[in-house]
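Numbering (my numbering), first residue to last: 14 to 506.
See below:
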């Protein structure tokens, strides 16, 4: 049987390091769904037009309009409700009007009255992870703690250290293989609740146990762990940290008990609940995609140079395959419009002249060899009144030449030829108008010229006036184009 592919999308606002924390759960989903023979892909901010899209981190920002073109299931990993994570009302509404997976049965009542329609997925042994090969008693880190700090967690760590435990705190956010290496070097990982909801943080604990490192976790009345964690975790009641450290963790028998707990965790296979979720996703996507509009997409927003800042809902183009754009397209080369393009992410695309409302080019123009051709293509694609928003390094700042791939520096006068002197470029019917010019400092905040590292420029496409066309005809070598005045057949000798 052929299944629709599954695509895992991690939402990451530009530069937001904590989105890397979703890699653990995404890899586990990929592992489980691949067991059913499905093709499963994983990407940052990118959706796939013909796939079951499972979106992680949508609380960081997600345009609900995208559901009109993509089949999206949102995996909520936030602790919802009073005393839980502070999420926006927009996120609650998104969950309440969408297909959702959740990890805790206490969450769905906070965003929907149809709680039975929300599949619950927990996390178990990740067989793809390589466990630590360091004997537990020889590991250099006693207790490892990672995560956000608050006063409650600080008090627990103080209790542990007063009892003789040594807790290692990370200097900053660490995720992925680098964090896993630290987990493998630890005798145990400390888990204590951040929110008053006290829901068990299984999304992090499963990773630690799968890496062969025991977990010591706080357990309050509201803590309801999934079955696979009951015998796999060292549970500590509120106020019991010092007793646990002295009577269990610092004893010679701790490693022996921990080994049994790690073995117990491996005995649970969650294939059944993921099989149900897989069927749910396949059925949902098939029904959803049958309801939405078909045919090529004509994008109204174009993002050029999309490497580090892919924009969902835009057509993202780049010349580098490593940037993972929607399409590879070099606007610095001569192009003809319209163009039919194919994309694995957004499907068939019709890029039409005069149909794009907004073009965004961030630190692109300083790399383009043939900038007049590039700007001419952008002018052709924009609708009348459409905007081109540009950010470039400022000529007199170090940012202009610190990148070895830059081929030009730009300043306040770099826009004259695309606006007032458009006829130099052979343009005739349309030109750009400089609408806004702002100096930006190193933090990309508006500043004076003396502190400028970058420039932000907004150009608007506008038709040329009669006077401007006369200037073009006067200055251009071909008079701005002269009709051929072909003879009709009856006038030819």
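Glycine included, every Cβ here is placed at the ideal spot set by N, Cα and C. Predicted model, so just to flag it, every value in this text is computed and none were measured.
Based on the DSSP secondary-structure assignment, which residues constitute the bridge partners of residue i?
{"i": "residue 329", "result": "316"}
{"i": "residue 55", "result": "21"}
{"i": "residue 466", "result": "Note: residue 466 sits in no beta bridge, so no partner."}
{"i": "residue 29", "result": "Its beta-bridge partners do not exist; DSSP assigns none."}
{"i": "residue 476", "result": "443"}
{"i": "residue 115", "result": "89 and 133"}
{"i": "residue 77", "result": "Bridge partners of residue 77: none, in fact."}
{"i": "residue 459", "result": "453"}
{"i": "residue 66", "result": "20 and 85"}
{"i": "residue 110", "result": "Answer is none; residue 110 lacks a bridge partner."}
{"i": "residue 471", "result": "402 and 449"}
Under 7 Å Cβ to Cβ from residue i, same chain only, skipping five residues before and after it: list those, please.
{"i": "residue 536", "result": "Limits of the chain in this structure are 14 at one end and 506 at the other, which puts residue 536 out of reach."}
{"i": "residue 232", "result": "248, 249 and 250"}
{"i": "residue 80", "result": "111"}
{"i": "residue 202", "result": "157, 196, 221, 226 and 228"}
{"i": "residue 96", "result": "208, 209 and 210"}
{"i": "residue 258", "result": "173, 176, 177 and 178"}
{"i": "residue 43", "result": "21, 53 and 55"}
{"i": "residue 345", "result": "381, 382, 383, 386 and 387"}
{"i": "residue 377", "result": "317 and 318"}
{"i": "residue 357", "result": "61"}
Which of the three DSSP states is assigned to residue i in this structure?
{"i": "residue 355", "result": "strand"}
{"i": "residue 92", "result": "coil"}
{"i": "residue 350", "result": "coil"}
{"i": "residue 147", "result": "coil"}
{"i": "residue 195", "result": "helix"}
{"i": "residue 446", "result": "strand"}
{"i": "residue 396", "result": "strand"}
{"i": "residue 85", "result": "strand"}
{"i": "residue 256", "result": "helix"}
{"i": "residue 48", "result": "coil"}
{"i": "residue 201", "result": "strand"}
{"i": "residue 336", "result": "helix"}
{"i": "residue 155", "result": "strand"}
{"i": "residue 495", "result": "coil"}
{"i": "residue 207", "result": "coil"}
{"i": "residue 11", "result": "Outside the shown range of the chain, which is 14 to 506, sits residue 11, and nothing can be said about it."}
{"i": "residue 36", "result": "helix"}
{"i": "residue 341", "result": "strand"}
{"i": "residue 181", "result": "strand"}
{"i": "residue 218", "result": "helix"}
{"i": "residue 307", "result": "coil"}
{"i": "residue 42", "result": "helix"}
{"i": "residue 300", "result": "helix"}
{"i": "residue 128", "result": "helix"}
Give the straight-line distance between the Cα atoms of residue i and residue j, rounded to the nearest whole angstrom.
{"i": "residue 62", "j": "residue 255", "result": "54 Å"}
{"i": "residue 370", "j": "residue 313", "result": "5 Å"}
{"i": "residue 383", "j": "residue 418", "result": "15 Å"}
{"i": "residue 319", "j": "residue 336", "result": "7 Å"}
{"i": "residue 32", "j": "residue 152", "result": "29 Å"}
{"i": "residue 451", "j": "residue 432", "result": "17 Å"}
{"i": "residue 34", "j": "residue 477", "result": "52 Å"}
{"i": "residue 142", "j": "residue 149", "result": "17 Å"}
{"i": "residue 341", "j": "residue 326", "result": "17 Å"}
{"i": "residue 269", "j": "residue 154", "result": "18 Å"}
{"i": "residue 364", "j": "residue 350", "result": "7 Å"}
{"i": "residue 169", "j": "residue 464", "result": "46 Å"}
{"i": "residue 84", "j": "residue 305", "result": "9 Å"}
{"i": "residue 446", "j": "residue 487", "result": "21 Å"}
{"i": "residue 192", "j": "residue 219", "result": "14 Å"}
{"i": "residue 64", "j": "residue 70", "result": "18 Å"}
{"i": "residue 284", "j": "residue 45", "result": "7 Å"}
{"i": "residue 411", "j": "residue 428", "result": "21 Å"}
{"i": "residue 439", "j": "residue 310", "result": "31 Å"}
{"i": "residue 135", "j": "residue 246", "result": "15 Å"}
{"i": "residue 292", "j": "residue 19", "result": "11 Å"}
Using a Cβ-Cβ cut-off of 8 Å (strictly less than) and excluding sequence neighbours within five positions of residue i, which residues of its own chain qualify?
{"i": "residue 47", "result": "53"}
{"i": "residue 240", "result": "281"}
{"i": "residue 507", "result": "Given that the chain is displayed from residue 14 to residue 506, the structure contains no residue 507 and the question cannot be resolved."}
{"i": "residue 223", "result": "138, 139, 140, 142, 144 and 278"}
{"i": "residue 272", "result": "149"}
Are the C-beta of residue i and some C-beta of chain B separated by less than 9 Å?
{"i": "residue 267", "result": "No chain B appears in this structure, which consists of one protein chain only."}
Less than 6 Å between C-beta atoms, sequence neighbours within five positions excluded: which residues of the same chain meet that for residue i?
{"i": "residue 448", "result": "471 and 473"}
{"i": "residue 372", "result": "315, 391 and 401"}
{"i": "residue 279", "result": "138"}
{"i": "residue 188", "result": "33 and 34"}
{"i": "residue 123", "result": "93 and 94"}
{"i": "residue 308", "result": "none"}
Would you check whether the ligand FAD has a heavy atom nearer than 8 Å to the C-beta of residue i?
{"i": "residue 249", "result": "This structure simply doesn't include the ligand FAD, nor any ligand for that matter."}
Quiz prompt | Residue ranges of each beta strand (DSSP E) within the stretch 357-441, 3 or longer | solution = Note on the stretch 357-441: whole beta strand (DSSP E) runs with a minimum of 3 residues are 360-364, 369-375 and 395-406, in chain order.
Quiz prompt | Every unbroken beta strand (DSSP E) inside the stretch 222-295 [3 residues or more] | solution = 228-232 and 247-250
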